[in-house]
Amino acid sequence: MNKITKILTVVVTCLAVGYFSGIVTRSAIVDWYPTLIKPSFNPPNWVFAPVWTLLYIMMGVAAGLVWNRIDFEKEIVKKALIVFAIQLALNALWSYLFFGLHNPMLAGLEIILLWLIIYETYLQFSKINKISGYLFIPYLTWVSFAAVLNASIWWLNR
Numbered sequence: 188m189n190k191i192t193k194i195l196t197v198v199v200t201c202l203a204v205g206y207f208s209g210i211v212t213r214s215a216i217v218d219w220y221p222t223l224i225k226p227s228f229n230p231p232n233w234v235f236a237p238v239w240t241l242l243y244i245m246m247g248v249a250a251g252l253v254w255n256r257i258d259f260e261k262e263i264v265k266k267a268l269i270v271f272a273i274q275l276a277l278n279a280l281w282s283y284l285f286f287g288l289h290n291p292m293l294a295g296l297e298i299i300l301l302w303l304i305i306y307e308t309y310l311q312f313s314k315i316n317k318i319s320g321y322l323f324i325p326y327l328t329w330v331s332f333a334a335v336l337n338a339s340i341w342w343l344n345r
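Each number in the numbering used here corresponds to the 1-based position in the sequence shown with 187 added.
Following this line, the structure appears as structure tokens:
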């Protein structure tokens, strides 16, 4: 596979994870989420889809660039892509915990682990391709904000 094919493969994979995570989110946005007390800094619902779409695209590009180095740095690339896959699975799990199970406390605990694995992915990717590391900074920033938002929602609705 060439570089562009690798990037597109991972971008499509990330967008698919986002899409399937969104299925559980969509119904809760209508039924459950509006019933929650939210902090004043809670963004309007329409913000989340474009932000997450952009973040999934950036994640995919970053992972594709790392994957492209597999012939030159096989072991470190494999390790980085395993960490990437773990963070992507945890990303999907958060939506299920928060929106599917309606459990902000459990989602809040999980988002801490998610943040740590995203940071580890950032560190691993940065060793292989600086641009890939930089592409993870907005994601890390957004999940930091999401963690504060998650904790605030849990606190206000406990």
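The beta-carbon is built from N, C-alpha and C at its ideal position, and this holds for glycine as well.
These numbers were taken from a predicted model, which means no experiment stands behind them.
- Runs of the alpha helix (DSSP H) lying entirely within the region 254-293, each at least 4 residues long, are 261-282 in chain order.
- CA-CA distance, Asn337 to Leu301, rounds to 13 Å.
- Just so you know, the alpha carbons of Trp219 and His289 end up roughly 8 Å apart.
- Counting C-beta pairs closer than 8 Å gives fewer than three between the region 223-238 and the region 253-262, which falls short of the contact rule.
- In the displayed model, Lys225 falls within coil according to three-state DSSP, outside both helix and strand.
- Each of Val204, Met188, Arg213, Ile194 was checked against the Cα of Phe286, and the nearest Cα belongs to Arg213.
- Rounded to the nearest whole angstrom, the CA to CA distance from Thr196 to Lys190 is 10 Å.
- Beta-carbon to beta-carbon, Trp329 and Val238 are separated by about 6 Å, close enough to satisfy the 8 Å threshold.
- Distances from the alpha-carbon of Leu241 to those of Leu343, Val253, Ala334, Phe323 put Phe323 closest.
- Bounds of any alpha helix (DSSP H) do not take in Pro230, whose DSSP letter is neither H nor E.
- Taking Phe312 as the centre and dropping the five residues before and after it, the same chain places the C-beta of Ala249, Val253, Ala267, Ser319, Gly320, Phe323 closer than 7 Å to its C-beta, in chain order.
- Taking all protein chains shown into account, Ala276 has fewer than 16 neighbouring C-beta atoms within 10 Å of its C-beta and is therefore exposed.
- Sequence-distant partners of Ile216 (beyond 5 residues in either direction) whose C-beta falls short of 8 Å from its own C-beta, in its chain, are Asn232, Phe286.
- Put simply, of Val234, Arg256, Phe271 the residue whose alpha carbon is nearest the alpha carbon of Met246 is Phe271.
- For a cut-off of 8 Å, the C-beta gap from Val198 to Ile244 is around 6 Å, short enough to register as a contact.
- For Arg345, the secondary structure class from DSSP, reduced to helix, strand or coil, is coil.
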